[in-house]
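> Attaching a single structure in structure tokens format; questions to follow.
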Amino acid sequence: MISICIPIYNHYTYPLVRRLDTQIASAGREDYEIVCIDDHSSGYYLNQNKGIGELTRYIQLEKNVGRASIRNLFLKYAKGEYLLFLDCDSIVPEQFVKTYAKTLGSNPSVVVGGRVYDERYNDTKHRLRYLYGTKLESQPVAVRRVNPYRSFQTSNFMVRRDVLEHIPFDESISKYGHEDTLFGYQLEQYMVPILHIDNPVVNGEVEENAEFLHKTVEAVESLAEIYDRMWEDQRFCESVRLLHTYNRVRRLKLQKLVYNVFNLVKGPLESRFVSGNGINLKCFSFYKLGVLIKQIHYNR
16 MISICIPIYN HYTYPLVRRL DTQIASAGRE DYEIVCIDDH SSGYYLNQNK GIGELTRYIQ
76 LEKNVGRASI RNLFLKYAKG EYLLFLDCDS IVPEQFVKTY AKTLGSNPSV VVGGRVYDER
136 YNDTKHRLRY LYGTKLESQP VAVRRVNPYR SFQTSNFMVR RDVLEHIPFD ESISKYGHED
196 TLFGYQLEQY MVPILHIDNP VVNGEVEENA EFLHKTVEAV ESLAEIYDRM WEDQRFCESV
256 RLLHTYNRVR RLKLQKLVYN VFNLVKGPLE SRFVSGNGIN LKCFSFYKLG VLIKQIHYNR
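Counting from 1 along the sequence shown, just add 15 to a position and that's the residue number in the working numbering.
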């Protein structure tokens with residue numbers, strides 16, 4: 016059995032559940048289930064999603080537990096040998112469920128389907144998220160297979176139950192971001208094979224520039240917390256592009272210089288990112304490096 020697991024937070028997810036329910040009906044219900052866990056959304060979204068409980072199992076948490084803990088929690092409620100995780104804003108293709116089911120014959124450990132972005136969001140209001148997503152995250156399956164662990168994302172993947180039981184998500188990650196980075200690295204450390212397939216979902220909720228900038232800063236702060244625990248693990252640091260760059264700067268003793276330049280350009284860069292005009296992803300990478308140096312060296 017495949018358990019389709021959807022963690023929900025402040026998003027109207029009923030249409031996704033309805034679409035998956037229709038696909039399951041045509042594929043054979045006895046082989047699938049849908050489990051939704053709401054991570055303490057606001058009352059507005061709880062009201063919007065109340066119909067989910069009429070279609071499938073729907074658990075509402077009394078407090079927010081975060082992106083890592085909620086994924087581990089599905090082990091308690093899901094019955095399937097395989098757990099298929101989807102972000103709650105995903106838009107799934109017509110044969111989505113059947114495409115995953117076709118991989119079961121080889122008894123895979125982890126399967127990643129990929130994601131793409133809707134071109135309608137290539138406007139100034141969403142451009143930062145759209146460019147970052149399309150240039151760095153939405154890789155075709157052939158590219159993802161070259162670096163299978165670095166290409167791991169939690170937005171659309173299936174994992175065998177015993178694998179997740181043995182390698183759960185790290186619940187010490189309290190802030191947004193990089194729980195997937197650490198999970199992918201742990202899969203590599205345990206030599207758990209990842210099968211990348213061509214079964215992408217559309218990323219349905221594309222944040223506006225200011226919101227994505229805020230979430231990026233939070234994600235870099237989360238990465239800094241992980242680095243505090245794992246800085247001696249050179250393989251991990253080399254596997255994360257931002258940490259690899261930071262370590263090069265640190266070895267050259269240039270972190271203070273970089274931080275000073277970052278402070279000079281921080282305001283103008285943020286204005287450009289928020290406006291959506293003239294965005295350069297190399298400048299965005301430099302901005303993230305500055306945030307990381309600030310968090311590691313100056314916010315302790």
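The beta carbon of each residue, even a glycine, is placed where N, CA and C say it ideally should be. Quick caveat, the model's predicted, so the values are computed rather than measured.
Measuring alpha carbon to alpha carbon, tell me which residue in S237, I188, L296 is nearest T149.
As a working note, residue 149 is residue 134 in the sequence shown. Nearest of S237, I188, L296 to T149, Cα basis: L296.
> Taking the alpha helix (DSSP H) that Y302 falls in, what are its first and last residues?
Start at 1 with the first residue of the sequence shown, and residue 302 comes out as number 287. Run containing Y302: 296-308, per the alpha helix (DSSP H) assignment.
> By Cβ distance, which residues of its chain are closer than 6 angstroms to Q201, with the 5 residues on each side in sequence left out?
Position 186 of the sequence shown, counting from 1, holds the residue named residue 201. Correct list, in chain order: I182.
> Which residue or residues does DSSP assign as beta-bridge partners of P22?
Residue 22 sits at position 7 when you count from the first residue of the sequence shown. I52, per the DSSP bridge assignment.
> Once DSSP output is grouped into helix, strand and coil, what is the label at R165?
As a working note, residue 165 is residue 150 in the sequence shown. Coil at R165, not helix or strand.
> Express the C-alpha separation of N292 and K302 in angstroms, rounding to a whole number.
One-based indexing of the sequence shown puts residue 302 at position 287. One-based indexing of the sequence shown puts residue 292 at position 277. Per the sequence shown, the amino acid found at residue 302 is Tyr instead of Lys. Computed Cα separation, rounded: 16 angstroms.
> If you follow the beta strand (DSSP E) that V112 is in, where does it begin and where does it stop?
The residue labelled residue 112 in the question sits at position 97 within the sequence shown. V112 -> not in any beta strand (DSSP E); alpha helix (DSSP H) instead, spanning 111-116.
> If the criterion is Cβ atoms closer than 8 angstroms, does the pair D102 and V217 meet it?
Along the sequence shown, read from residue 1 onward, the residue named residue 102 stands at position 87. Along the sequence shown, read from residue 1 onward, the residue named residue 217 stands at position 202. No, these two residues do not count as a Cβ contact at 8 angstroms.
> Out of S170, T114, I49, V306, which one is the CA nearest neighbour of G219?
Translated into positions along the sequence shown, residue 219 becomes position 204. If we check each option's Cα against that of G219, S170 comes out closest.
> What is the DSSP secondary structure of L99, reduced to helix, strand or coil?
Taking the sequence shown and counting its residues from 1, the one referred to as residue 99 is at position 84. In this structure, L99 counts as strand in the three-state DSSP scheme.
> What number of angstroms, rounded off, separates the C-alpha of I209 from the C-alpha of K230?
Within the sequence shown, residue 209 is the residue found at index 194, counting from 1. Within the sequence shown, residue 230 is the residue found at index 215, counting from 1. If I take the Cα positions, the gap works out to 27 angstroms.
> In three-state DSSP terms, what is V221?
Mapped onto the sequence shown, residue 221 falls at position 206. Looking at V221 - three-state DSSP - the assignment turns out to be coil, as it is neither helix nor strand.
> Indicate whether V156 and I212 have their beta-carbon atoms separated by less than 8 angstroms.
If you number the sequence shown from 1, residue 156 lands on position 141. If you number the sequence shown from 1, residue 212 lands on position 197. Yes; because the gap between Cβ atoms is below 8 angstroms, this pair is in contact.
> Provide the residue(s) that pair with F288 in DSSP beta bridges, ordered along the chain.
For this step, residue 288 is matched to residue 273 along the sequence shown. Beta-bridge pairing links F288 to no other residue.
> Secondary structure at Y47, three-state DSSP: helix, strand or coil?
Your numbering for residue 47 matches position 32 in the sequence shown. DSSP places Y47 in strand when its eight states are reduced to three.
> Counting C-beta neighbours from all protein chains within 10 Å, is the total for P283 16 or more, i.e. buried, or is it exposed?
If you number the sequence shown from 1, residue 283 lands on position 268. Looking at its Cβ environment, which holds fewer than 16 other Cβ atoms inside 10 Å, P283 is exposed.
> When DSSP labels each residue in this structure, what does V280 get in the three-state scheme?
Taking the first residue of the sequence shown as position 1, residue 280 is located at position 265. Reduced to three states, the DSSP call for V280 is helix.
> Going by the CB atoms, is the gap between F172 and Q86 shorter than 8 angstroms?
Taking the sequence shown and counting its residues from 1, one reaches residue 86 at position 71. Taking the sequence shown and counting its residues from 1, one reaches residue 172 at position 157. In the sequence as presented, Gln is not what sits at residue 86; that position holds Arg. The answer is no: Cβ separation not under 8 angstroms.
> Span of the alpha helix (DSSP H) holding L76?
Counting from 1 along the sequence shown, the entry for residue 76 is found at position 61. Element bounds for L76: n/a, residue is neither H nor E.
> Return yes when the Cβ of V289 is within less than 8 angstroms of the Cβ of A234, no when it is not.
Along the sequence shown, read from residue 1 onward, the residue named residue 234 stands at position 219. Along the sequence shown, read from residue 1 onward, the residue named residue 289 stands at position 274. The answer is no: Cβ separation not under 8 angstroms.
> By Cβ distance, which residues of its chain are closer than 8 angstroms to Q63, with the 5 residues on each side in sequence left out?
Residue 63 sits at position 48 when you count from the first residue of the sequence shown. Excluding positions up to five away in sequence, the list reads Y27, Y29.
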